[in-house]
Amino acid sequence: MMAYLDHNATSPLRPAARDAMIAALAECGNPSSPHAAGRAARARVEAARRTLALAFDCALDSVIFTSGGTEANNLAVRGTGAATVLVSAVEHDSVREAERRAEVIPVDGNGIVDLEWLEARLARGGVGLVSVMLANNETGVIQPIADVVRLAHAEGALVHTDATQAAGRIPLSFESLDVELMTVSAHKLGGPPGVGALLVQEGFPLRPLLRGGRQEDGRRAGTENVPAIAGFAAAVEAALATADGTRALRDGLEARLLASAPGARILGALVDRLPNTTCIAMPGVAAETQVMALDLAGIAVSAGAACSSGKVRTSPVLAAMGVDAELARSAIRISLGWNSTADDVGRCAEAWWALWARTRGRKTVQAA
Ligand code: PMP
Numbered sequence: 005m006m007a008y009l010d011h012n013a014t015s016p017l018r019p020a021a022r023d024a025m026i027a028a029l030a031e032c033g034n035p036s037s038p039h040a041a042g043r044a045a046r047a048r049v050e051a052a053r054r055t056l057a058l059a060f061d062c063a064l065d066s067v068i069f070t071s072g073g074t075e076a077n078n079l080a081v082r083g084t085g086a087a088t089v090l091v092s093a094v095e096h097d098s099v100r101e102a103e104r105r106a107e108v109i110p111v112d113g114n115g116i117v118d119l120e121w122l123e124a125r126l127a128r129g130g131v132g133l134v135s136v137m138l139a140n141n142e143t144g145v146i147q148p149i150a151d152v153v154r155l156a157h158a159e160g161a162l163v164h165t166d167a168t169q170a171a172g173r174i175p176l177s178f179e180s181l182d183v184e185l186m187t188v189s190a191h192k193l194g195g196p197p198g199v200g201a202l203l204v205q206e207g208f209p210l211r212p213l214l215r216g217g218r219q220e221d222g223r224r225a226g227t228e229n230v231p232a233i234a235g236f237a238a239a240v241e242a243a244l245a246t247a248d249g250t251r252a253l254r255d256g257l258e259a260r261l262l263a264s265a266p267g268a269r270i271l272g273a274l275v276d277r278l279p280n281t282t283c284i285a286m287p288g289v290a291a292e293t294q295v296m297a298l299d300l301a302g303i304a305v306s307a308g309a310a311c312s313s314g315k316v317r318t319s320p321v322l323a324a325m326g327v328d329a330e331l332a333r334s335a336i337r338i339s340l341g342w343n344s345t346a347d348d349v350g351r352c353a354e355a356w357w358a359l360w361a362r363t364r365g366r367k368t369v370q371a372a
């Protein structure tokens with residue numbers, strides 16, 4: 005059996021989400037149609053909206069369903085009409101590339117946005133929107149959004165936060181965060197891929213990206229993906245209803261890896277992180293080698309560096325944190341989720357340690 009430890013890439017579909025999708029797929033109806041079939045489809049969409057509004061503590065009208073985190077991020081960054089946008093150096097490409105002229109907020113060695121830089125830049129004026137993610141996809145590092153909001157609002161700037169990786173993994177309140185816009189995506193929390201939502205403050209004058217229909221109050225045209233939306237809501241409900249056991253598993257895994265492989269480094273470990281993510285470097289062994297060795301042992305994890313056109317690209321996130329390029333190239337991401345078990349984690353620790361021992365010419369014995 006595969007030990008799937010790559011939940012930050014995508015999480016397996018939760019059974020409740022699959023059931024909700026199958027039920028919705030069995031029915032035909034366009035939520036915009038006034039007949040009974042249309043009304044039934046509309047009821048599913050609105051029930052899902054209520055679930056999200058309750059889960060993320062926002063008004064019903066705040067929820068705009070989209071085709072995922074990427075679209076929600078594009079809609080947020082481009083939909084405010086802000087002329088000057090600031091984005092953090094560790095944002096996902098769907099934020100960074102939504103506005104290529106955006107100015108970049110640097111981060112410190114722990115991956116936390118430089119609040120002094122932000123304050124000074126805001127004081128110079130003209131900033132319309134600040135976009136800082138809630139938690140990073142590679143390191144799990146959680147940003148001080150309350151401080152970002154305080155500084156931005158003091159200078160009249162709006163705030164967007166990409167909560168794609170945080171949603172369903174840590175408690176989130178849109179109202180308490182006090183941001184104008186927040187992105188969530190279904191497939192990182194056990195819902196289907198291809199559906200997400202942008203949460204916006206009530207009455208916020210958002211410019212739509214997709215035009216040509218009155219769906220989502222004219223803010224996102226196109227017939228709603230009813231089965232995906234139903235699956236999203238069921239996954240959100242399941243995520244909130246079940247205790248998250250990932251922190252104990254993750255902390256145990258890290259302790260084991262560090263104890264068995266001196267020199268290994270956990271990146272972002274000194275600050276608040278998501279409970280499910282570890283970004284660990286095995287100095288001297290390329291991330292790709294680790295990913296392949298673990299894959300052969302039936303364990304799915306991911307490399308921090310992406311390989312494109314034959315060249316290994318250092319992770320921009322780790323580069324922005326000032327992590328030495330050599331160390332960054334040896335960093336992998338292990339991310340746990342709703343179905344992770346102690347056995348998965350144990351197998352991962354053993355396979356990783358076996359590789360570490362092999363690369364150091366030692367005899368393989370049981371990991372600590
Ligand atoms: N933001 C972050 C932080 C992500 O990790 C991802 C997914 N890799 C996205 C946005 C994009 O979300 P989606 O896959 O739903 O388009």
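Numbers 5 to 372, taken from the numbering used here, label the letters of the sequence shown in order. Think of the CB as a built atom: it goes at the ideal place given N, C-alpha and C, for glycine as much as any other residue. Since the structure is predicted, the reported quantities are computational estimates derived from the model, not experimental observations.
Boundaries (first-last residue) of the beta strand (DSSP E) holding residue i
i	result
residue 186	185 to 189
residue 134	133 to 135
residue 139	Neither: residue 139 is in no beta strand (DSSP E) and is coded neither H nor E.
residue 146	Element bounds for residue 146: n/a, residue is neither H nor E.
residue 338	335 to 339
Sub-8 Å separation of residue i and residue j beta-carbons
i	j	result
residue 291	residue 335	yes
residue 70	residue 256	no
residue 340	residue 227	no
residue 125	residue 102	no
residue 145	residue 172	no
residue 265	residue 286	yes
residue 131	residue 117	no
residue 66	residue 193	no
residue 162	residue 86	yes
residue 258	residue 282	yes
residue 28	residue 48	yes
residue 185	residue 167	no
residue 273	residue 18	no
residue 363	residue 288	yes
residue 278	residue 169	yes
residue 418	residue 324	Here the chain comprises residues numbered 5 to 372, so residue 418 is not present and cannot be evaluated.
residue 231	residue 25	yes
residue 51	residue 195	no
residue 203	residue 62	yes
residue 213	residue 78	yes
Span separating the alpha-carbon of residue i from that of residue j
i	j	result
residue 313	residue 7	Reliability of the predicted coordinates at residue 313 is poor, the pLDDT of 48 falling under 50, and the value obtained from them is presented with this limitation in mind. In a straight line, the C-alpha of residue 313 is about 29 Å away from that of residue 7.
residue 5	residue 302	7 Å
residue 219	residue 46	11 Å
residue 36	residue 211	21 Å
residue 12	residue 141	6 Å
residue 198	residue 76	11 Å
residue 338	residue 174	18 Å
residue 263	residue 252	16 Å
residue 155	residue 41	49 Å
residue 217	residue 176	31 Å
residue 107	residue 90	5 Å
residue 275	residue 147	9 Å
residue 95	residue 143	12 Å
residue 318	residue 332	7 Å
residue 188	residue 84	18 Å
residue 355	residue 321	26 Å
residue 270	residue 327	11 Å
residue 57	residue 294	41 Å
residue 223	residue 80	11 Å
residue 73	residue 109	21 Å
residue 30	residue 152	45 Å
residue 9	residue 307	12 Å
residue 350	residue 190	28 Å
residue 121	residue 133	15 Å
Check: residue i C-beta below 7 Å from any heavy atom of the ligand SAH
i	result
residue 72	Ligands present in the displayed structure are limited to the ligand PMP, and the ligand SAH is not among them.
Segment limits, alpha helix (DSSP H) that includes residue i
i	result
residue 349	346 to 363
residue 149	149 to 158
residue 125	119 to 127
residue 329	329 to 332
residue 324	320 to 324
(message) Quick check for students: name the residue ranges of the alpha helix (DSSP H) that lie wholly in the stretch 79 to 106, counting only runs of 4 or more.
(response) List check, alpha helix (DSSP H) in window: 97 to 100.
(message) As an exercise, report each continuous beta strand (DSSP E) stretch of at least 3 residues that is fully enclosed by the stretch 167 to 230, in chain order.
(response) Segments of the beta strand (DSSP E) lying fully in the stretch 167 to 230: 185 to 189 and 200 to 204.
(request) Could you pull out every unbroken alpha helix (DSSP H) segment of at least 4 residues lying fully inside the stretch 14 to 85, listed in chain order? (result) Correct list: 19 to 29, 40 to 59 and 73 to 83.
(request) Can you check the stretch 259 to 299 for any beta strand (DSSP E) of at least 3 residues that lies completely inside it and give the ranges in chain order? (result) If we require 3 residues or more, the beta strand (DSSP E) runs fully inside the stretch 259 to 299 come out as 281 to 285.
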